[in-house]
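Residue numbers for the sequence shown follow this note's numbering, so the first one is 1349 and each next one is one higher.
Cβ coordinates follow ideal geometry from the N, Cα and C atoms, glycine included.
As the structure is a computational prediction, the values presented were derived from the model and not from experiment.
Data first, discussion second: the structure below is written as structure tokens.
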Amino acid sequence: MIFSPLYSGSTGNASILTAGKTNILIDGGLAGKALIDALDAVGVEPSSLSAIVVTHEHIDHIKGVGIMSRKFDIPVYANEKTWRAMAPIVGGVAMKNIRTFVTGQNFYIGDVDLTPFPLSHDAAEPVGYVFFNKGKRIVYMTDTGRVTEALREKAAGADLIFLESNHDVDLLLSGPYPERLKRRILSDHGHLSNDAAGELLMKLYPTGVRRAILAHLSRENNTEDIALGSARAYLNASGVPEKDFFLAVAHYDRVTGIFEI
Ligand SMILES: [Zn+2]
Ligand SMILES: [Zn+2]
1349 MIFSPLYSGS
1359 TGNASILTAG
1369 KTNILIDGGL
1379 AGKALIDALD
1389 AVGVEPSSLS
1399 AIVVTHEHID
1409 HIKGVGIMSR
1419 KFDIPVYANE
1429 KTWRAMAPIV
1439 GGVAMKNIRT
1449 FVTGQNFYIG
1459 DVDLTPFPLS
1469 HDAAEPVGYV
1479 FFNKGKRIVY
1489 MTDTGRVTEA
1499 LREKAAGADL
1509 IFLESNHDVD
1519 LLLSGPYPER
1529 LKRRILSDHG
1539 HLSNDAAGEL
1549 LMKLYPTGVR
1559 RAILAHLSRE
1569 NNTEDIALGS
1579 ARAYLNASGV
1589 PEKDFFLAVA
1599 HYDRVTGIFE
1609 I
């Protein structure tokens, strides 16, 4: 599988996953033109997209979903509650392109086996995804306020985890956000902190996880260096040699790169 984070953060989220002839866009939270340009940058024709899969209805994840589906005749997959919540925002999507899945039940798009799993976030029915193809597994986990035992199990042994590392708790607390927003972000239905991400990686290492891309970083309450430094510190603290764990960070404003698993 080839995985390319295109954009990641509260100003827009989209990634592309390719396996053979199957091209799956994960979320489409940017204007149509920005999505088309980003796909172009990683060599994917928009008309070759097999599907768009949606994690949840927040605008930073669905802004360009309707446009892309209409313009290039692409099926859009989401669970029923997410469809209900996003339908008024994405506008008309052709009947044949409205695809519904049940959270927790796997389904196929071309060569890829997908399992959507529930997350803890303030949306109708937010999900992460496990993508499986030819014995390799990529886990996509952003926009969750906490990591449960069930989530740890989902991520155990993954060949790559795309993991939210949203904020540094001290920067958030001392920063300019209004109290209510700070509480929302820190809540169980908000976003994952650098510490929570680091702790999870530490626990995943013994299960065989060796690669992570930190994602959905806050522009106000985090930096790429702080997020990477924090994750590295957690791994170091548990005795993981630096060369044994590949860490990268997804950019909010440009294509991050192409990762082959
Ligand atoms: Zn988001
Ligand atoms: Zn969200």
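Note that the C-beta distance between ILE1374 and SER1363 is below 7 Å.
SER1513 sits close to ALA1575, with the two beta carbons spaced by under 7 Å. GLY1452 places its beta carbon 7 Å or farther from that of SER1468. The residue among GLU1572, SER1396, ALA1544 with its C-alpha nearest the C-alpha of VAL1495 is ALA1544.
Using a C-beta cut-off of 8 Å, the region 1433-1444 makes contact with the region 1400-1411, since at least three inter-stretch Cβ pairs fall below that distance. One thing to note: ILE1422 has its Cβ within 7 Å of the Cβ of LEU1397. Inter-residue distance for GLU1393 and GLY1377 is about 18 Å (C-alpha atoms, whole angstroms).
With respect to ASN1569, GLY1523 sits close: the two C-beta atoms are nearer than 7 Å. Looking at TYR1425, THR1430, ASN1454, VAL1450, the one whose alpha-carbon comes closest to that of LYS1444 is TYR1425. ASP1592 and ARG1558 have their C-alpha atoms roughly 7 Å apart.
Here the residues close to ligand 2, judged by CB distance below 6 Å to any of its heavy atoms, are HIS1404, HIS1406, HIS1469, ALA1471, ASP1491 in chain order. A distance below 6 Å between beta-carbons, with the five flanking residues on each side excluded, links SER1586 to the following residues of its chain, in chain order: MET1550. Relative to ligand 1, the nearest heavy atom lies less than 6 Å away from the CB of ASP1408.
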